[in-house]
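In our numbering, the protein residues as written are 17 to 160. We treat Cβ as the ideally placed atom computed from N, Cα and C, and that holds for glycine. Small disclaimer: the values here were computed from a predicted structure and weren't measured. As structure tokens, the structure follows; a few thoughts come after it.
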């Protein structure tokens, strides 16, 4: 038998030679005992599905949809970065983006805090935050 290999059989386990032996385990009766190789803890984890949206977000879906429609109409369904960041050609669907991010106190239900960006310019904005702030596509206010 190779040192440390008892294959989980308690009868073959040599306590002094086994590297897996010796960890303490608290048993249901509250007593700490040395765990043997064959003792496998039983884990009973009940898996539940994560909710894709919080209840608050779900309650704001209708209002968010109205804000999105108003912002798209106000911006005439045109990317607002089209002429200021002209080295990137507009592509992809139009996103309604927050100028002041929600994490910094902005509200995505405020029409004045939203702008229309195509997917490529939206990605550019997040990849180049300093340049985007200089051009006015974002504002970095300190967190509340």
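Kindly indicate which three-state DSSP category residue i falls into: helix, strand or coil?
| i | result |
| --- | --- |
| residue 18 | For residue 18, the predicted model reports a pLDDT of 39, less than 50, meaning its position is unreliable; a value from the coordinates is still stated below. The answer is coil: DSSP assigns residue 18 none of H, G, I, E or B. |
| residue 105 | coil |
| residue 100 | coil |
| residue 64 | coil |
| residue 125 | coil |
| residue 154 | coil |
| residue 94 | coil |
Straight-line CA distance for residue i to residue j?
| i | j | result |
| --- | --- | --- |
| residue 108 | residue 142 | 16 Å |
| residue 110 | residue 146 | 22 Å |
| residue 85 | residue 78 | 11 Å |
| residue 17 | residue 69 | Residue placement at residue 17 is flagged as unreliable, the pLDDT there being 36, under the threshold of 50; a coordinate-derived value is accordingly withheld. |
| residue 115 | residue 80 | 16 Å |
| residue 154 | residue 98 | 15 Å |
| residue 87 | residue 67 | 28 Å |
| residue 62 | residue 44 | 20 Å |
| residue 125 | residue 83 | 6 Å |
| residue 149 | residue 135 | 18 Å |
| residue 95 | residue 121 | 24 Å |
| residue 138 | residue 128 | 17 Å |
| residue 123 | residue 74 | 16 Å |
| residue 152 | residue 101 | 11 Å |
| residue 104 | residue 133 | 12 Å |
| residue 76 | residue 89 | 20 Å |
Please list the terminal residues of the continuous alpha helix (DSSP H) segment that includes residue i.
| i | result |
| --- | --- |
| residue 83 | 77-90 |
| residue 143 | 135-143 |
Give the range of the beta strand (DSSP E) segment to which residue i is assigned.
| i | result |
| --- | --- |
| residue 113 | 110-114 |
Taking residue i and residue j to be in contact with their CB atoms under 8 Å, please state how far apart those CB atoms are, rounded to whole angstroms.
| i | j | result |
| --- | --- | --- |
| residue 71 | residue 131 | About 28 Å separates the two Cβ atoms, so there is no contact after all. |
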